[in-house]
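For the record, the sequence lines run as chains L and S.
This note's numbering numbers the first residue of the first sequence as 113 and each following residue consecutively.
This note's numbering numbers the first residue of the second sequence as 113 and each following residue consecutively.
Note sheet for the following structure.
There are 2 protein chains.
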Amino acid sequence: MASPAPREIEALIELMARLPGLGPRSARRAVLTLLKKRDGLMIPLARCMADLALTAKTCAQCGNIGPADPCNICTDPARAIGEICVVADVADLWAMERGGAFKGRYHILGGTLSPLDNLGPEELHIPQLVTRVAGEGISEVILALNATVDGQTTAHYIIDALRGAGVKITSLAQGVPIGGELDYLDDGTINAALRARRGV
Amino acid sequence: MASPAPREIEALIELMARLPGLGPRSARRAVLTLLKKRDGLMIPLARCMADLALTAKTCAQCGNIGPADPCNICTDPARAIGEICVVADVADLWAMERGGAFKGRYHILGGTLSPLDNLGPEELHIPQLVTRVAGEGISEVILALNATVDGQTTAHYIIDALRGAGVKITSLAQGVPIGGELDYLDDGTINAALRARRGV
Numbered sequence: 113m114a115s116p117a118p119r120e121i122e123a124l125i126e127l128m129a130r131l132p133g134l135g136p137r138s139a140r141r142a143v144l145t146l147l148k149k150r151d152g153l154m155i156p157l158a159r160c161m162a163d164l165a166l167t168a169k170t171c172a173q174c175g176n177i178g179p180a181d182p183c184n185i186c187t188d189p190a191r192a193i194g195e196i197c198v199v200a201d202v203a204d205l206w207a208m209e210r211g212g213a214f215k216g217r218y219h220i221l222g223g224t225l226s227p228l229d230n231l232g233p234e235e236l237h238i239p240q241l242v243t244r245v246a247g248e249g250i251s252e253v254i255l256a257l258n259a260t261v262d263g264q265t266t267a268h269y270i271i272d273a274l275r276g277a278g279v280k281i282t283s284l285a286q287g288v289p290i291g292g293e294l295d296y297l298d299d300g301t302i303n304a305a306l307r308a309r310r311g312v
Numbered sequence: 113m114a115s116p117a118p119r120e121i122e123a124l125i126e127l128m129a130r131l132p133g134l135g136p137r138s139a140r141r142a143v144l145t146l147l148k149k150r151d152g153l154m155i156p157l158a159r160c161m162a163d164l165a166l167t168a169k170t171c172a173q174c175g176n177i178g179p180a181d182p183c184n185i186c187t188d189p190a191r192a193i194g195e196i197c198v199v200a201d202v203a204d205l206w207a208m209e210r211g212g213a214f215k216g217r218y219h220i221l222g223g224t225l226s227p228l229d230n231l232g233p234e235e236l237h238i239p240q241l242v243t244r245v246a247g248e249g250i251s252e253v254i255l256a257l258n259a260t261v262d263g264q265t266t267a268h269y270i271i272d273a274l275r276g277a278g279v280k281i282t283s284l285a286q287g288v289p290i291g292g293e294l295d296y297l298d299d300g301t302i303n304a305a306l307r308a309r310r311g312v
């Protein structure tokens, strides 16, 4: 397909198309919107992006991304220092924070174990987690990993790695999601909820 | 919903979510991807966007957006000056150029007639089109507007406005798209194709 847009615009379309959720067509639409809203959207967006690229830091302790290192959560005196919630990604930390129920601190793996992608325990900062648990007086490690094969494989690896550290290890409950209708749930979820049934 | 990301990151997410095709969730994913690829994607994207915001120009003659005014198409001596193709948007110009069959010049309306959105003939540069047709020795105006109610209403308005200008007015043919299967086509398309049937 020939490139009909001018070269300068095509360059921006190609960069935008590398974002998740945008293909070539939607990147083209997005760039056209930007070109029509140059003062109101394009310039503020470019400025915000450039600023953040320079100022954003990765927390050396937990792996969170934000304006400070160590991050706001790690330095927040109101958060329990005895609980570490292990998540695969920053997006999962945000999801947990939206819930608002967890008041401890985090450990971000940066993915799940995947030998094919060269993601081993080192890349996932699992040794650092073991060190944190040994050194920081942690009483509970909560595994908040996706209920997928990759997520659960990673959880099992972490459980093995922390064996003998004398720390309580828990994981998010599996079951019927709030608002979920049985008829629409997959068999695995229904069976997991049945196995984990509780007295009422 | 509480905002779990730091304020600086949330600002970028909000700006990204104003692009078409991105909602709050996909904007969040896009921003996380940017934060993980700061040198490889975020900084080049910010730079490209800032440059283009300053250098992109709208062609005063046809409404095309690009690095030059008048645009590369209007000044291309190889393009027929007797034919003007009327399109609603720059994206439609790009679509026509991808086809590659049209060798004249364009007139971009910037939308379709929509009284509710305050888009009248003035906002759509229809008076300028009439002036161009009168002044530039135009022999044919090709209406390449969407085959929607809005597009066709706008086409009728332009046909009325150009009545008496002594110019040939044509519009894109309607019919079965190449590769189209009759069983999957809507009734309107099949009827339009039947009405416009040709001898073989």
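Quick reminder that beta carbons are idealized off the backbone N, C-alpha and C, glycines included.
This structure is a prediction, so every number in the text was calculated from the model and none was measured.
With residue i as the anchor, note down where its beta strand (DSSP E) starts and where it stops.
i: S/C197; result: E195 to V199
i: S/R217; result: R217 to I220
i: L/T282; result: K280 to S283
i: S/I254; result: E252 to L255
Mind checking residue i: buried by the 16 CB within 10 Å criterion, or exposed?
i: L/A267; result: buried
i: S/T224; result: buried
i: S/R217; result: buried
i: S/M113; result: Low local confidence applies: a pLDDT of 45 at S/M113 is under 50, so the model's placement there is unreliable, with the coordinate-based value given in what follows. Per the 10 Å Cβ criterion, exposed.
i: S/L274; result: buried
i: S/V198; result: buried
i: L/A142; result: buried
i: L/V202; result: buried
i: S/R140; result: buried
i: S/L157; result: buried
i: S/N176; result: buried
i: L/A259; result: exposed
i: L/P118; result: buried
i: L/L228; result: exposed
i: L/G263; result: buried
i: S/L73; result: In the structure as shown, chain S begins at 113 and stops at 312. Residue 73 of chain S is therefore absent and cannot be evaluated.
i: S/A308; result: exposed
i: L/A168; result: buried
Using beta carbons (cut-off 8 angstroms, strictly below), is residue i in contact with chain L?
i: S/M113; result: Caution applies to S/M113, whose pLDDT of 45 falls short of 50 and renders its modelled position unreliable; the model cannot decide the point.
i: S/G291; result: no
i: S/P118; result: yes
i: S/A172; result: no
i: S/D299; result: no
i: S/P136; result: no
i: S/N303; result: no
i: S/I121; result: yes
i: S/L147; result: yes
i: S/N184; result: yes
Looking only at C-alpha atoms, which of the options sits nearest to residue i?
i: L/I193; options: L/V253, L/A165 and L/G222; result: L/V253
i: S/L221; options: S/G292, S/I185 and S/D204; result: S/D204
i: S/A277; options: S/P156, S/Q286, S/R307 and S/E248; result: S/E248
i: L/S283; options: L/I290, L/E293, L/I271 and L/L294; result: L/I271
i: L/V290; options: L/D188, L/K280, L/A305 and L/V279; result: Looking at the sequence itself, residue 290 of chain L is Ile, so the reference to Val does not match. Answer by Cα proximity: L/A305.
i: L/L236; options: L/R191, L/A168, L/S138 and L/C174; result: L/C174
i: S/L144; options: L/N303, L/G152, L/L131 and L/L255; result: L/L131
i: L/L257; options: L/A285, L/L147 and L/L297; result: L/A285
i: L/L241; options: L/H219, L/V261, L/G135 and L/T187; result: L/H219
i: S/I185; options: L/C186, L/K169 and L/P116; result: L/P116
i: S/T265; options: S/K215, S/D181, S/A200 and S/I250; result: S/A200
i: L/V279; options: L/G211, L/Y296, L/L255 and L/W206; result: L/L255
i: S/R137; options: L/D298, L/L297 and L/A207; result: L/A207
Output yes if chain S places a C-beta closer than 8 angstroms to the C-beta of residue i; else output no.
i: L/G133; result: yes
i: L/A165; result: yes
i: L/A315; result: In the structure as shown, chain L begins at 113 and stops at 312. Residue 315 of chain L is therefore absent and cannot be evaluated.
i: L/N230; result: no
i: L/C160; result: yes
i: L/R249; result: The residue you asked about is not Arg; residue 249 of chain L is Gly in the sequence shown. So no, L/G249 is outside the interface.
i: L/E234; result: no
Could you tell me the boundaries of the alpha helix (DSSP H) in which residue i lies?
i: L/H268; result: V261 to L274
i: S/L306; result: D299 to R307
i: S/T167; result: I155 to T167
i: L/E209; result: V202 to G211
i: S/V143; result: P136 to K148
i: S/Q240; result: I238 to G247
i: L/I290; result: Where L/I290 is concerned, there is no enclosing alpha helix (DSSP H), given that its DSSP letter is neither H nor E.
i: L/E122; result: R119 to M128
Would you please state the rounded distance, in angstroms, between the beta carbons of residue i and residue j? I believe it to be under 8 angstroms.
i: L/G178; j: S/I125; result: Wrong, their Cβ atoms sit about 13 angstroms apart, outside the cutoff.
i: S/V288; j: S/T301; result: 7 angstroms
i: S/L231; j: L/L127; result: With a Cβ gap of about 31 angstroms, S/L231 and L/L127 do not count as contacting.
i: L/R150; j: S/A165; result: 5 angstroms
i: L/A123; j: S/C160; result: 6 angstroms
i: S/Y269; j: S/P239; result: Going by Cβ atoms, the distance from S/Y269 to S/P239 rounds to 12 angstroms, so no, they are not a contact pair.
i: S/R244; j: S/I196; result: 7 angstroms
Does at least one heavy atom of the ligand MN sit under 7 angstroms from the Cβ of residue i?
i: S/G249; result: Absent from the structure shown: the ligand MN. Ligands present: none.
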